[in-house]
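Each number in the numbering used here comes from the position in the sequence shown (counting from 1) with 4 added on.
Glycine residues also receive a C-beta, built at the ideal position from the N, C-alpha and C atoms.
These numbers were taken from a predicted model, which means no experiment stands behind them.
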Amino acid sequence: MGSEKFGVNFSLDSLIIFGNEREGIPRKISRGEGVEKFVVPVVSNEECLSLSIAYGIVVYEFLRQNNLLPKIH
């Protein structure tokens, strides 16, 4: 499990890897050099996000931080 880190900084060359909902990412990968783990915070410990919802949140944040969101007129 990653830390509850809210201030993750994504650069354009970030590699974001998502593990499956049950087992996460293999230790061989998650404990590698330069790996920064984080979790998407939820309101309650009893609730959890599906992988697809967490993916959408993280990708949105990556796009936002790198000014890649489409302009809405």
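Assignment of beta-bridge partners to Asn70 by DSSP yields no partner. Cβ contact annotation for Ala58 (same chain, cutoff 8 Å, sequence separation greater than five): Phe22 and Val44, in chain order. Check the Cα spacing between Ser15 and each of Glu27, Glu40, Pro74 and Ile29: the tightest is with Glu40. Straight-line spacing of the CA atoms in Leu55 and His77 works out to 31 Å. In this structure, Val12 and Phe42 form a Cβ contact; the two beta carbons are roughly 5 Å apart against a cut-off of 8 Å.
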